[in-house]
Amino acid sequence: MGTEQVRFASTVLLAELAQFCVAQIQQAKPRARAAPPAGDSVLFEDTSSAAPAMNSQGYYTSGYNMGEPSNDMQGGGGMNNLFADPMANAAMMYGSSLANQGKDMVNKEISRFMSVNKLKYFFAVDTRYVLKKLMILMFPYTHQDWEVRYHRDTPLTPRQDVNASDLYIPTMAFITYILLAGMALGIQKRFSPEVLGLCASTALVWVIIEVLVMLLSLYLLTVHTDLSTFDLIAYSGYKYVGMIFTVLCGLLFGSDGYFVALAWSSFALMFFIVRSLKMKILPSLSSDSMGMGSNAKPQLRLYITVASALFQPIIIYWLTSHLVR
Amino acid sequence: MAFTLYSLIQAAILCINAVAVLHEERFLSKIGWGVDQSVGGFGDEPGIKVQLMNLIRSVRTVMRVPLIAVNSVCIVLLLLFG
Chain A
0 MGTEQVRFAS
10 TVLLAELAQF
20 CVAQIQQAKP
30 RARAAPPAGD
40 SVLFEDTSSA
50 APAMNSQGYY
60 TSGYNMGEPS
70 NDMQGGGGMN
80 NLFADPMANA
90 AMMYGSSLAN
100 QGKDMVNKEI
110 SRFMSVNKLK
120 YFFAVDTRYV
130 LKKLMILMFP
140 YTHQDWEVRY
150 HRDTPLTPRQ
160 DVNASDLYIP
170 TMAFITYILL
180 AGMALGIQKR
190 FSPEVLGLCA
200 STALVWVIIE
210 VLVMLLSLYL
220 LTVHTDLSTF
230 DLIAYSGYKY
240 VGMIFTVLCG
250 LLFGSDGYFV
260 ALAWSSFALM
270 FFIVRSLKMK
280 ILPSLSSDSM
290 GMGSNAKPQL
300 RLYITVASAL
310 FQPIIIYWLT
320 SHLVR
Chain B
0 MAFTLYSLIQ
10 AAILCINAVA
20 VLHEERFLSK
30 IGWGVDQSVG
40 GFGDEPGIKV
50 QLMNLIRSVR
60 TVMRVPLIAV
70 NSVCIVLLLL
80 FG
């Protein structure tokens with residue numbers, strides 16, 4: 000088979016495909032139509048009105064020309080010129096509808112593992128909440144009321160309750176910590192892109208380990224609490240705020256500033272973790288404590304809280320000391 | 000101690016393999032951790048040992064088939080890429 004015939008056949012196939020997807024787009028699919036930006040809508044109208052006529056004509060012309068090999072060269076060249084622009088437009092429309100289908104499928108798959116609504120709750124923050132929370136994380140000693148307020152059995156969003164845990168601060172603090180680590184290494188002329196990735200994955204692995212250990216211990220001790228996995232990730236991620244503060248002080252004020260800031264943020268974070276987790280883990284004791292409840296239980300729950308609090312300074316020191324040598 | 004995500008996955012696979020090879024009647028019953036010894040009192044607080052035995056039993060039941068696939072993939076990858 001000659002290359003001209005192959006090119007011909009492929010152009011015919013593309014024409015058929017373009018006609019098919021233009022027909023699909025023209026069906027009632029409001030989302031696919033709303034997705035392309037305003038600049039593309041003009042193209043969309045052009046494609047839908049002009050392309051079918053040209054497509055069908057081109058198809059029939061090419062079908063007719065297939066039987067006559069003497070006209071191949073001329074017909075192929077002419078049809079390629081005709082299809083250059085509408086082909087790109089039709090391909091773009093098809094690509095955008097395909098992207099929308101892919102996005103829907105990804106959303107459906109993800110929502111099987113974790114509910115996206117619950118995740119959205121953790122990102123419903125505003126500036127006032129972020130500022131107050133950061134101040135509480137750095138100086139929790141004057142905060143009076145640590146209760147998480149409820150509204151008809153559902154916890155309030157972080158916008159309305161400063162004691163609610165969120166995932167915005169941990170995420171942003173994690174990314175800021177990675178950037179700060181890169182900057183600190185660059186100042187000491189020890190930077191390379193692999194080190195940045197290594198630092199990021201090390202910090203992520205420690206978060207995962209800590210969350211898994213907390214989940215395991217909460218399961219083994221049958222603590223009936225409403226701490227979900229995302230809450231634990233949030234509490235584990237709050238230490239990055241302390242780490243950023245420590246690294247900044249270490250960079251600005253040298254080794255002494257580093258240790259002072261380490262001590263300050265460690266105590267603040269330990270106080271914060273103990274006060275927050277005490278509200279969540281320990282009060283469930285009072286609801287089902289009968290006379291025959293073993294004495295080991297409240298102590299074990301206290302051990303969990305204290306151990307999780309004591310783990311924070313260790314990991315802060317471990318993850319930041321190599322940056323402030 | 001620089002971790003990569005791959006080392007975390009390796010550690011997790013090794014731990015789950017270790018839990019999966021605990022034999023029910025040759026080992027767990029001998030040390031009093033078998034499934035027939037976990038039906039304790041009917042209080043609302045099962046206790047640590049019962050929870051741990053339940054965890055081991057459920058991990059062994061759930062992870063048996065996926066572990067075959069994951070281990071095969073790991074073996075092939077380690078043979079090919081060291």
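Top line first, the protein sequences correspond to chains A and B. Quick note, in numbering that gives the first Met the number 0, the first sequence goes up one by one and the last residue is 324. Quick note, in numbering that gives the first Met the number 0, the second sequence goes up one by one and the last residue is 81. Cβ atoms here follow ideal geometry from the backbone N, Cα and C, with glycine treated the same way. Small disclaimer: the values here were computed from a predicted structure and weren't measured.
Closest by C-alpha distance to K131/A, out of S164/A, D152/A and S110/A, is S164/A.
Of all residues in the stretch 210 to 230 of chain A, only Y218, L219, L220 and T221 place a beta-carbon less than 8 Å from a beta-carbon of chain B. The alpha-carbon of V222/A is positioned some 48 Å away from that of K188/A. Within the stretch 135 to 170 of chain A, not a single complete alpha helix (DSSP H) segment reaches 4 residues in length. In the DSSP assignment, Q9/B falls within the alpha helix (DSSP H) that extends over L4 to A19. Take A19/B, set aside five residues on each side of it, and the residues of its chain with a beta-carbon closer than 8 Å to its own are V58, R59, M62, R63 and L66, in chain order. For P192/A, the three-state secondary structure derived from DSSP is helix. Under the 8 Å Cβ criterion, the stretch 193 to 211 of chain A does not count as touching the stretch 150 to 158 of chain A, having fewer than three qualifying pairs. Here the C-alpha atom of I315/A lies approximately 15 Å from the C-alpha atom of F270/A.
In the assembly as shown, N88/A is a buried residue. Its beta-carbon has 16 or more other beta-carbons within 10 Å. The shortest CA-to-CA distance from S275/A to any of R148/A, Q100/A and D125/A is the one to R148/A. The beta carbon of I232/A sits closer than 8 Å to the beta carbons of L166, P169, V206 and V210 from its chain, once the five residues preceding and following it are set aside; these are given in chain order. In this structure, the beta-carbon distance from L51/B to V204/A does not fall below 9 Å.
Closest option to Y128/A, judged by alpha-carbon separation, among D160/A, I303/A, M86/A and M278/A: D160/A. Counting only residues of its own chain and dropping the five nearest sequence neighbours on each side, R56/B has a CB closer than 6 Å to the CB of V34. Within chain A, the residues whose beta carbon sits less than 9 Å from that of Q50/B are Y218, L219, L220 and T221, listed in sequence order. Taking 8 Å as the cut-off between beta carbons, none of the residues of the stretch 161 to 186 of chain A comes near chain B. For S200/A, the neighbours in chain B by C-beta distance under 7 Å run, in chain order, F2, T3 and L4.
As for any alpha helix (DSSP H) of minimum length 4 sitting wholly inside the stretch 218 to 276 of chain A, the runs are 228 to 236, ordered along the chain. The beta carbon of L54/B sits closer than 9 Å to some beta carbon of chain A. For I12/B, no CB of chain A lies under 9 Å from its own CB, so it is not counted at the interface with that chain. Rounded to the nearest whole angstrom, the C-alpha separation of D84/A and S96/A is 19 Å. A straight line joining the alpha-carbon of G185/A with that of E193/A spans about 13 Å. L13/B and C73/B have their alpha carbons spaced roughly 11 Å apart.
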